[in-house]
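The next block holds one structure in the form of structure tokens; read it before the comments.
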Amino acid sequence: MGPLEPRYRPAGAPEDTTKRRASKSKSFKDVEDYEVLVLEKSCGCKFKSLRILIVAIISATVLTLVTPTLYEHQLQSASRYVDVGWMWDKTSSDPRYVSSVDVRWEDVYKALGNLRSGNQNLKVGLLNFNSTEYGSWTQLLSDSHVSIIRLEHAKDSITWQTLYPEWIDEEEETEIPSCPSLPEPNVRRGVRFDVIAVKLPCTRVAGWSRDVARLHLQLSAAKLAVTSSKRNHKVHVLFVTDCFPIPNLFPCKNLVRHEGNAWLYSPDSKALREKLRLPVGSCELAVPLKAKSRLFSVDRRREAYATILHSASEYVCGAITAAQSIRQAGSTRDLVILVDETISDHHRRGLEAAGWKVRIIQRIRNPKAERDAYNEWNYSKFRLWQLTDYDKIIFIDADLLILRNVDFLFAMPEITATGNNATLFNSGVMGYLNEIFTWWHRIPKHMNFLKHFWEGDSQAMKAKKTQLFGADPPILYVLHYLGLKPWLCFKDYDCNWNNAGMREFASDVAHARWWKVHDKMPRKLQSYCLLRSRQKASLEWDGGRPRRPILKMAIGAATSRTPG
577 MGPLEPRYRP
587 AGAPEDTTKR
597 RASKSKSFKD
607 VEDYEVLVLE
617 KSCGCKFKSL
627 RILIVAIISA
637 TVLTLVTPTL
647 YEHQLQSASR
657 YVDVGWMWDK
667 TSSDPRYVSS
677 VDVRWEDVYK
687 ALGNLRSGNQ
697 NLKVGLLNFN
707 STEYGSWTQL
717 LSDSHVSIIR
727 LEHAKDSITW
737 QTLYPEWIDE
747 EEETEIPSCP
757 SLPEPNVRRG
767 VRFDVIAVKL
777 PCTRVAGWSR
787 DVARLHLQLS
797 AAKLAVTSSK
807 RNHKVHVLFV
817 TDCFPIPNLF
827 PCKNLVRHEG
837 NAWLYSPDSK
847 ALREKLRLPV
857 GSCELAVPLK
867 AKSRLFSVDR
877 RREAYATILH
887 SASEYVCGAI
897 TAAQSIRQAG
907 STRDLVILVD
917 ETISDHHRRG
927 LEAAGWKVRI
937 IQRIRNPKAE
947 RDAYNEWNYS
957 KFRLWQLTDY
967 DKIIFIDADL
977 LILRNVDFLF
987 AMPEITATGN
997 NATLFNSGVM
1007 GYLNEIFTWW
1017 HRIPKHMNFL
1027 KHFWEGDSQA
1037 MKAKKTQLFG
1047 ADPPILYVLH
1057 YLGLKPWLCF
1067 KDYDCNWNNA
1077 GMREFASDVA
1087 HARWWKVHDK
1097 MPRKLQSYCL
1107 LRSRQKASLE
1117 WDGGRPRRPI
1127 LKMAIGAATS
1137 RTPG
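All residue numbers for the sequence shown refer to the working numbering, where the first residue is 577 and numbers rise by one.
Laid out in structure tokens, this is it:
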């Protein structure tokens, strides 16, 4: 690291900073308790022998050079608050925490500009900086209290797969899922910082955002920010990294300044405190499955359920029924639907009649999708982030039913999803979000239960799923319909049975559940679910090769009741 440019140095010669500080009487008072400085204190005594005096002076000088000025600002016990293990002995460093980023002190100086002008006596806590960088910090902020925060490293046995397992025993049938603990930052009770500066590792290779050390350092910074915050005291967090911090913890709206690889945040301590109540990963449920009471948010005017329709109108019926299921479950939150120009005025009126607030958008094409492919316009879901008149939205697909009120999900502080095999967004959109929002949390699969019988499901498991599909009162919160949708079949049976390749999605019980919600809707809304002639002909053709006799009954009933 090169020397600081003159305009970023403190007044006076920076080379003498350590010596000038050591000459203050306050310094001697602060370091009296440190055993390593006993000789420095005793060197002021009068010795009868000049030789002893010279030896003492030389010893004190050597100790002053090798002992950082940290001790003059540090708290009462060096063994508790200074990470001597990794800070001073590089041979014992954990490679997971080592950051090779080149600290550009000019950028750091600019990022802290307003803070320096408003408070010349900042209390700065450093995480993951080495001893040389500590010295540069003391030069950069000569009038501030700069100290190093001790943080033990996570155990080697804790990997990203440990924090984010593909499956956990949600029902606690054989074990109670639990997350490993990450060491807490070691700071004396009552100590508060104005700025927490963190040097984050960043490898810039595939999977860089799924890094235990990066997550640990950011969670530690968040905890320090919360404990340091007071009613009228704003705490800032400065990250020095080439890779942006986790947006779940430190969102863009809290970014005060970004200079090069210096990112200065002014986090919302209340929101951050809520996030820190969540598990460290998806190794535990963020919402207990058997909770007897749920937390509900207060500001309902700024919360909404949202979905999106583009490129085709065949999901209009599904969106109408989904909206009605939300109302039948007891929610009064806003319903917002984003549609593009392919959705006709007729269908927009139906959506509005169902309770949706319709907003027109321009589609966003997936640059990697083939022309006319199913996912050609799926990047349009990014328009959801333009609903800035809402603080929180719950995105739902148009092919699901809300069976029980899930308004309590609005009390969740950030992106939450069911297991890894049941994502909230599909294909490229979810792949992108998975890379950005890596710190997500698991909600029970009952809150987004898939209508799907896996190839490996036992007969007992299939029977259990069927029982869940039809339970009354419902056990599931949300039922997600995969395969051919109920409104594209006749009412009497699930047309997924007609195709051998689709039978894993077939369930007459789940099919009947959807139609039960449909039949409670006003007739005007039901009219948007009428089958088109082509679809009816296709079903009748497939019905000529019936799976069982009920198919003939369904076809015969089609003339008196036109399902959708």
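Just so you know, even glycine gets a beta-carbon here, dropped at the ideal spot from N, CA and C.
Residue from the options whose Cα sits closest to the Cα of residue i
{"i": "residue 1043", "options": "1083, 894, 980", "result": "1083"}
{"i": "residue 904", "options": "704, 688, 1093", "result": "1093"}
{"i": "residue 1071", "options": "1036, 1114, 784", "result": "1114"}
{"i": "residue 889", "options": "1108, 770, 812", "result": "1108"}
{"i": "residue 968", "options": "987, 838, 957, 953", "result": "987"}
{"i": "residue 773", "options": "685, 1063, 1074", "result": "685"}
{"i": "residue 935", "options": "920, 1106, 1079, 733", "result": "920"}
{"i": "residue 927", "options": "915, 795, 806", "result": "915"}
{"i": "residue 885", "options": "951, 741, 1051", "result": "951"}
{"i": "residue 973", "options": "901, 693, 946", "result": "901"}
{"i": "residue 1097", "options": "896, 925, 1051, 1110", "result": "896"}
{"i": "residue 887", "options": "704, 719, 957", "result": "957"}
{"i": "residue 679", "options": "693, 704, 669, 692", "result": "704"}
{"i": "residue 1062", "options": "808, 1111, 861, 675", "result": "1111"}
{"i": "residue 809", "options": "771, 824, 825", "result": "771"}
{"i": "residue 683", "options": "1079, 946, 834", "result": "834"}
Burial state of residue i (16 or more Cβ within 10 Å)
{"i": "residue 1131", "result": "Reliability fails at residue 1131, whose pLDDT of 31 lies under 50, so the model's placement of it is uncertain and the value that follows must be treated cautiously. Looking at its Cβ environment, which holds 16 or more other Cβ atoms inside 10 Å, residue 1131 is buried."}
{"i": "residue 671", "result": "exposed"}
{"i": "residue 918", "result": "exposed"}
{"i": "residue 948", "result": "exposed"}
{"i": "residue 839", "result": "buried"}
{"i": "residue 908", "result": "exposed"}
{"i": "residue 687", "result": "buried"}
{"i": "residue 713", "result": "buried"}
{"i": "residue 790", "result": "buried"}
{"i": "residue 657", "result": "With a pLDDT of only 35 at residue 657, under 50, the local geometry of the prediction cannot be trusted, and no value is derived from it."}
{"i": "residue 549", "result": "Look at the range of the chain in this structure, 577 to 1140, and you will see that residue 549 is not part of it."}
{"i": "residue 725", "result": "buried"}
{"i": "residue 1035", "result": "exposed"}
{"i": "residue 804", "result": "buried"}
{"i": "residue 997", "result": "For residue 997, the predicted model reports a pLDDT of 41, less than 50, meaning its position is unreliable; a value from the coordinates is still stated below. So residue 997 ends up on the exposed side."}
{"i": "residue 681", "result": "buried"}
{"i": "residue 1117", "result": "exposed"}
{"i": "residue 709", "result": "buried"}
{"i": "residue 690", "result": "exposed"}
{"i": "residue 750", "result": "exposed"}
{"i": "residue 821", "result": "buried"}
{"i": "residue 781", "result": "exposed"}
{"i": "residue 715", "result": "buried"}
{"i": "residue 843", "result": "buried"}
{"i": "residue 806", "result": "exposed"}
{"i": "residue 1023", "result": "buried"}
Distance between beta carbons of residue j and residue i, contact taken as under 8 angstroms
{"i": "residue 940", "j": "residue 955", "result": "4 angstroms"}
{"i": "residue 755", "j": "residue 739", "result": "7 angstroms"}
{"i": "residue 849", "j": "residue 802", "result": "5 angstroms"}
{"i": "residue 1184", "j": "residue 769", "result": "Nothing can be reported for residue 1184, as the shown portion of the chain is limited to 577 through 1140."}
{"i": "residue 731", "j": "residue 760", "result": "14 angstroms between Cβ atoms; not a contact."}
{"i": "residue 899", "j": "residue 960", "result": "Going by Cβ atoms, the distance from residue 899 to residue 960 rounds to 17 angstroms, so no, they are not a contact pair."}
{"i": "residue 1053", "j": "residue 979", "result": "6 angstroms"}
{"i": "residue 727", "j": "residue 796", "result": "6 angstroms"}
{"i": "residue 854", "j": "residue 862", "result": "5 angstroms"}
Beta carbon of residue i nearer than 7 angstroms to that of residue j
{"i": "residue 859", "j": "residue 817", "result": "no"}
{"i": "residue 736", "j": "residue 786", "result": "yes"}
{"i": "residue 1032", "j": "residue 981", "result": "no"}
{"i": "residue 811", "j": "residue 841", "result": "no"}
{"i": "residue 985", "j": "residue 1055", "result": "no"}
{"i": "residue 553", "j": "residue 1067", "result": "The first residue shown for the chain is 577 and the last is 1140, placing residue 553 beyond what the model contains."}
{"i": "residue 1059", "j": "residue 1081", "result": "yes"}
{"i": "residue 975", "j": "residue 894", "result": "yes"}
{"i": "residue 1086", "j": "residue 1027", "result": "yes"}
{"i": "residue 788", "j": "residue 734", "result": "yes"}
{"i": "residue 831", "j": "residue 792", "result": "no"}
{"i": "residue 911", "j": "residue 932", "result": "yes"}
{"i": "residue 837", "j": "residue 677", "result": "yes"}
{"i": "residue 828", "j": "residue 784", "result": "no"}
{"i": "residue 966", "j": "residue 1088", "result": "no"}
{"i": "residue 527", "j": "residue 922", "result": "The structure shown has nothing for residue 527, since the chain only spans 577 to 1140."}
According to DSSP, residues forming a beta bridge with residue i
{"i": "residue 701", "result": "723, 772"}
{"i": "residue 883", "result": "913"}
{"i": "residue 762", "result": "726"}
{"i": "residue 814", "result": "773, 840"}
{"i": "residue 1054", "result": "978"}
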